[in-house]
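Asks: I have a structure I would like to understand better, so I am pasting it below and will then ask my questions one at a time.
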């Protein structure tokens, strides 16, 4: 904590400013994980699809 007192000219950034610096929030490609290399699209109907994430109703139709 001693070092923090010696900082000068610092600026507290908002979350949006931090996101722009760090490249934003990474998007998790759930269908890429569930379907493998071919990928897929998220099902519009919860619980329906070629493969579903265990414990949730998120499903994907694989290519």
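Residue numbers (the numbering used here): 22 to 84.
Yeah, the Cβ is synthetic: ideal placement off N, Cα and C, and Gly gets one too.
(1) Ignore the nearest five residues each way along the sequence and tell me which others in residue 74's own chain have a CB closer than 8 Å to its CB.
(2) Between which two residues does the alpha helix (DSSP H) carrying residue 31 extend?
(3) Measure from the alpha carbon of residue 129 to the alpha carbon of each residue in 83, 29, 76 and 65, then state which is nearest.
(4) With 16 as the cutoff for other CB atoms within 10 Å, does residue 68 come out buried or exposed?
(5) If we ignore side chains and look at the alpha-carbon of each, how far apart do residue 62 and residue 35 end up?
Replies: For this structure:
(1) 51, 55 and 80
(2) Residue 31 -> no alpha helix (DSSP H), and no H or E assigned at all.
(3) In this structure the chain extends from 22 to 84, so residue 129 is not present and cannot be described.
(4) exposed
(5) 33 Å
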